[in-house]
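If you count by mature numbering (1 follows the signal peptide of the UniProt record, and there is no 0), then the sequence shown holds residues -23 to -1, 1 to 482, one letter each, in order.
We treat Cβ as the ideally placed atom computed from N, Cα and C, and that holds for glycine.
In this text, all values refer to a predicted model and were calculated from it rather than measured experimentally.
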Amino acid sequence: MSFSMSVLLVCIFLLSLLLLMKMKKDIKKQNKQLPPGPPKLPIIGNLHQLGALPHSSLWNLRKKYGPVIFLQLGGVPTVIISSAKTASEVLKVHDLDCCSRPLLAGTGRLSYNYIDIAFAPYGNYWREMRKICVLELFSTKRVQSFGLIREQEVASLINSISQSSLSAIHVDLSEKLLSLAANIICRTAFGKRFQENEFDEGKFQEVVHEAMAMLGSFSASDFFPYVGWIIDRLTGLHSRLEKSFHELDGFYQQVIDQHLKTKQEKEEDIIDLLLKLEKNQTKIDGAPITQDHIKAILMNVFLGGVDTGVITMIWAMAELVRNPRVMKKAQEEIRTYIGKKGKVNEEDIEELKYLKMVVKEALRLHPPSVLLIPRETLSHIKIDGYDIYPKTRIQVNVWGIGRDPDIWKSPEEFVPERFEDSSIDFKGPHDELLAFGAGKRGCPAMYMGLIMVELALANLLYCFDWKLPNGMKEEDVNMDEAAGLTVYKKLPLNLVPVKYKIENE
């Protein structure tokens, strides 16, 4: 056989081998039933399609591609879930297969150990941390023990607003409610209000806002794992994150040190409970609890507790002032039941059924976390018949599910009566309301957040009639959203309080 013939045969063999490999790859690709999704661009994938308000952009994509959408966000394969049925598959049926989670906003390269603890992936370590939160910190009995704190802080809020009502000027309800939530959380966690700490109220709110803004910001390292951290450093995001969490670390350390120096002469707060666990050498996954664990839990309490409660109260009051019929009905229920008592206590809340429907409706339309914190798949699963592979990021569009016309009649309207005689609740078994998540990653402090919101709203509606300033009409109330990890009302809610006169007062 000539040399040229040998070369030709080798070439034919190699070409055949390449063709076979390509055919095998094509067959394998055809066998994958990936979810549908929009076309992507090189390198950035579908990042350009997220828009200024990702939850809204993703809902628009859902209308075209369905309730399970595949997106390539930079180097991260991502699946967006936008229906109650598919959310149930993720959060319940396959909860164990996709309960890990990635770090947020480039936090993986920060120099604070408590950040890694706070965002720990699923495993023994995470399970034991959650168990401590559920059993020690946020049990129903423990939350009820902080009831006096909540009632005192709500009373302080009402007194403050009453002073403004004397001059018939508007109050910035957004600012007032942020102060309320922060003081309740501060006293619950630390045993002290802002004014009793070296961190003044304005400074602490600024730090909390900055941390939430950073966690909700675009981080290149989230989407380009190997090179994104360089971009984060060049854009200044990394240094802002470091500064923000350095300030939080200093605040946590300050209050921990204060507790260690002070004798126990008061009701136990969250730091007391955690320090007791540290003193007793309670172990997590074989290692004793340290102050870094305490700081991690405090971070979740503050960033999860302050913002979410405030956001719910602000959106609820905004919707009520835009819907006078609903506000009047809620006030009549509260004032009829409370009578001349002068205030609403926590034991009254269970009897205020319409108020509870108002809170549900506010959380349906305006969930604080419009996209649940991302999950990451641990193994291959199927959602709605589609293949979802390991290391795929999954996000549930709670905002979209709350506005799904397949579930809700007139979904854009604020109608609390839709929950009358309905079994739909935050605790399930349904997945129409997911403001607090569900499954293993569900919020362990749900009860603590709800009771604060319900108590504050009940007293605001009992003690005052609310009017719009400067001749505004209901339709003039701006309902634009500000983007972030949690979604605030973009403009402050300014209302004029008119003190409700109790008969024979």
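Same chain only: Cβ atoms within 8 angstroms of residue i, ignoring 5 sequence neighbours per side
| i | result |
| --- | --- |
| K368 | P54, E353, T354 |
| K467 | N455, D457, E458, A459 |
| L252 | I233, H236, L237, I271 |
Rounded separation between residue i and residue j - CA only
| i | j | result |
| --- | --- | --- |
| E244 | K256 | 18 angstroms |
| Y203 | S387 | 45 angstroms |
| G419 | F413 | 6 angstroms |
| V111 | P421 | 6 angstroms |
| V341 | L297 | In the sequence under discussion, the amino acid at residue 341 is Arg, which differs from the Val named in the question. Going by the C-alpha atoms only, they are around 14 angstroms apart. |
| K169 | R119 | 18 angstroms |
| T63 | A132 | 43 angstroms |
| T165 | K359 | 42 angstroms |
| I428 | D199 | 35 angstroms |
| C76 | I365 | 14 angstroms |
| E128 | F228 | 26 angstroms |
| L303 | A415 | It is Val, not Leu, that sits at residue 303 in the sequence shown. Roughly 29 angstroms between the two C-alpha positions. |
| K417 | P351 | 13 angstroms |
| K108 | D262 | 12 angstroms |
| P469 | K260 | 45 angstroms |
| L157 | L472 | 17 angstroms |
| E173 | V464 | In this prediction, E173 has a pLDDT of 48, which is less than 50 and means its spatial position is unreliable; nothing more can be read from the coordinates. |
| F115 | E397 | 28 angstroms |
| F222 | V184 | 9 angstroms |
| T289 | A190 | 18 angstroms |
| F441 | I146 | 13 angstroms |
| G22 | L48 | 7 angstroms |
| F(-21) | I371 | Unreliable positioning characterises F(-21) in this predicted model, as indicated by a pLDDT of 43, which lies under 50. The coordinate reading is nonetheless provided below. Cα-Cα distance, rounded: 57 angstroms. |
Limits of the unbroken alpha helix (DSSP H) element including residue i
| i | result |
| --- | --- |
| I315 | 301 to 315 |
| K17 | It is not in any alpha helix (DSSP H) - K17 carries neither H nor E in the DSSP assignment. |
| I350 | No alpha helix (DSSP H) contains I350, which DSSP labels as neither H nor E. |
| S77 | Neither: S77 is in no alpha helix (DSSP H) and is coded neither H nor E. |
| V336 | 330 to 342 |
Residue i: first and last residue of the uninterrupted beta strand (DSSP E) it sits in
| i | result |
| --- | --- |
| I207 | Segment 205 to 212 is the alpha helix (DSSP H) holding I207; no beta strand (DSSP E) there. |
| I365 | 363 to 365 |
| R370 | 370 to 373 |
| I247 | Premise fails: I247 lies in the alpha helix (DSSP H), 247 to 256, not in any beta strand (DSSP E). |
| I360 | 358 to 360 |
Chain-order list of residues whose beta-carbon lies under 7 angstroms from that of residue i (same chain, five-residue window excluded)
| i | result |
| --- | --- |
| Y363 | Q10, L11, P12, V45 |
| R74 | For clarity, residue 74 is Asp in the given sequence; the question names Arg instead. Closer than 7 angstroms at the Cβ level, and outside the excluded window around D74, lie T354, L355, S356, I358. |
| D3 | Reliability of the predicted coordinates at D3 is poor, the pLDDT of 47 falling under 50, and no value is obtained from them. |
Cβ neighbours of residue i in the same chain (closer than 6 angstroms, five flanking residues each side left out)
| i | result |
| --- | --- |
| K5 | Because the pLDDT of K5 is 49, which lies under 50, any placement of that residue in the model is unreliable, and the number read from its coordinates should be weighed accordingly. Here the set comprises nothing. |
| F201 | G51, G52 |
Which whole runs of the alpha helix (DSSP H) in the stretch 102 to 147 are 4 residues long or more, in chain order? If we require 4 residues or more, the alpha helix (DSSP H) runs fully inside the stretch 102 to 147 come out as 117 to 122, 124 to 143.
Cβ pair count under 8 angstroms reaching 3, the stretch 332 to 347 against the stretch 373 to 381: yes
With contact counted as at least three CB pairs below 8 angstroms, one residue from each stretch, are the stretch 256 to 273 and the stretch 313 to 330 in contact? no
Quick check: the stretch 36 to 49 against the stretch 58 to 72, are at least 3 beta-carbon pairs closer than 8 angstroms? With contact defined as three or more Cβ pairs closer than 8 angstroms, the stretch 58 to 72 and the stretch 36 to 49 are in contact.
Can you list the beta strand (DSSP E) stretches of 3 or more residues lying completely in the stretch 22 to 65, in chain order? Qualifying beta strand (DSSP E) stretches, in chain order: 45 to 50, 53 to 58.
Alpha helix (DSSP H) segments (min. 4 residues) lying fully within the stretch 397 to 482: 423 to 440
Taking contact to mean at least 3 C-beta pairs separated by less than 8 angstroms, is the stretch 134 to 141 in contact with the stretch 432 to 445? yes
Determine contact between the stretch 328 to 340 and the stretch 297 to 312, defined as no fewer than three beta-carbon pairs at a distance below 8 angstroms. Counting Cβ pairs under 8 angstroms, three or more are found: they touch.
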